[in-house]
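Enquirer: For the sequence shown, UniProt numbering gives the first residue as 1, with consecutive numbering after it.
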Amino acid sequence: MDLIECMEVFQEVGRSLSFSKAAESRASSRSSVTKKIAWLESYFGVQLFNRNTKHVSLTESGRLLLENADTLALATRNLKELVQGPVRTPTGRIRLGTPPSFGAVHLAPAIDEFLRRYPAIKLSLLLDDGRSDLIAENMDLSVRIAPRLKDTNQIAYLITVVPQVIVATRAYLQANGTPATPKDLEQHNCLVHSLKAPTNMWTFTDAGNNTQVAHVSGTFNSNLGESIMHMAKLGHGISMHPRYMVESALRAGTLQVVMPEYRPEGLDIYAIVQSKRHLPYKVRLFVEHLRRWFKDAEWKQ
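#1: Spell out the partners DSSP gives Arg243 in its beta bridges.
#2: Helix, strand or coil: how does DSSP classify Asn50 here?
#3: If you draw a straight line from the alpha carbon of Asp140 to that of Asn52, how long is it in whole angstroms?
#4: Let me confirm a value: Ile272 is counted as buried when at least 16 other C-beta atoms fall within 10 Å, else exposed. Which label applies?
#5: Which same chain residues, not among the five before or five after Ser20, have their C-beta less than 6 Å away from its C-beta?
#6: Is there contact here, the region 89-101 with the region 47-61, by at least three beta-carbon pairs under 8 Å?
#7: Given that a residue counts as buried once 16 or more other Cβ atoms are within 10 Å of its Cβ, and exposed if not, what is Ser248?
#8: In the DSSP output, which residue or residues are listed as bridge partners for Val287?
#9: So within the region 99-170, which uninterrupted alpha helix (DSSP H) runs reach at least 4 residues, ignoring any that extend past its ends?
#10: For Pro182, which residues from the same chain have a beta carbon less than 8 Å from its beta carbon, with the 5 sequence-adjacent residues on both sides left out?
#11: Let me confirm a value: Ala120 is counted as buried when at least 16 other C-beta atoms fall within 10 Å, else exposed. Which label applies?
#12: Do Leu191 and Met245 have their CB atoms nearer than 8 Å?
#13: Can you give me the C-alpha to C-alpha distance between Ser124 and Asn189, rounded to a whole angstrom?
#14: If you follow the beta strand (DSSP E) that Phe204 is part of, which residue opens it and which one closes it?
#15: In terms of residue numbering, what span does the beta strand (DSSP E) encompassing Gln256 cover?
#16: Taking its Cβ as the centre, do 16 or more other Cβ atoms sit within 10 Å of Thr169, making it buried, or is it exposed?
#17: Would Tyr157 pass as a contact of Leu285 if the rule is Cβ separation under 8 Å?
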């Protein structure tokens with residue numbers, strides 16, 4: 001007998017308190033339902049129902065099992081999926097939340113390779129600004145990028161740590177001077193990310209591994225890193241970005257690194273999941289794929 005199938009039959013009988021209704025609901029015979037309940041009672045070593053020719057009722061053990069049946073069935077399915085995973089083809093849909101630009105530009109190549117490797121999996125990419133409820137939005141996981149997780153109760157897998165850089169145009173630096181230390185930034189027009197630096201503080205580590213903090217301000221801030229980067233490209237001021245966002249601009253010479261001897265605080269990229277205990281095999285595969293993909297990313301050098 002299959003434990004999961006027997007549990008599903010038990011739930012049908014437990015909710016309807018009728019073997020006949022359970023059989024009808026499952027397009028099965030009453031005798032088949034009776035056999036599965038008998039097998040389940042033997043499996044647990046307890047009687048689950050009190051029954052006679054007219055009435056069916058749950059025993060105390062049956063009531064407890066019914067109250068926890070959904071959790072037990074889900075755990076059993078996920079365990080079965082995990083154990084069978086290495087010898088079968090993963091299938092199904094993954095619903096992934098991500099910041100828009102990172103998802104469209106930097107996750108897309110990783111997703112492409114993953115779907116080529118596992119063609120039976122489908123993936124839906126959804127906008128997530130970090131405030132989404134995974135369960136309410138029906139997401140399997142969400143990518144979050146931040147100096148640290150705000151909610152320490154979140155179930156998170158660290159994917160990678162992203163270095164940040166301070167950048168500006170050559171024209172801005174020629175007109176306003178080049179800062180030599182973090183303290184010098186306080187005299188410059190700094191373009192601040194309102195979510196990543198809500199207190200207008202930029203933190204750096206120097207060559208001696210000492211921490212230095214600059215209180216920065218300027219004429220433009222935004223909660224969207226791309227808008228800040230474009231303002232920096234227009235020569236409006238100095239900005240801080242994850243290296244992957246400005247790599248192409250640095251190569252093209254549109255922007256240049258400021259104060260390379262001072263290392264800005266890095267950003268962690270996490271995969272947030274609903275449950276670590278019940279993580280579906282296909283989601284586990286995708287998390288492991290992201291870790292491998294970003295391990296040697298060129299912008300980490």
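Glycine included, C-beta positions come from ideal geometry on N, C-alpha and C.
Expert: Taking the geometry as given:
#1: DSSP lists no partner for Arg243.
#2: strand
#3: 45 Å
#4: buried
#5: Arg30
#6: no
#7: exposed
#8: According to DSSP, Val287 bridges with nothing at all.
#9: 108-117
#10: Trp202, Phe204, Gln212, Val213, Ala214, Met259 and Tyr262
#11: exposed
#12: no
#13: 40 Å
#14: Met201 to Thr205
#15: Gln256 to Val258
#16: buried
#17: no
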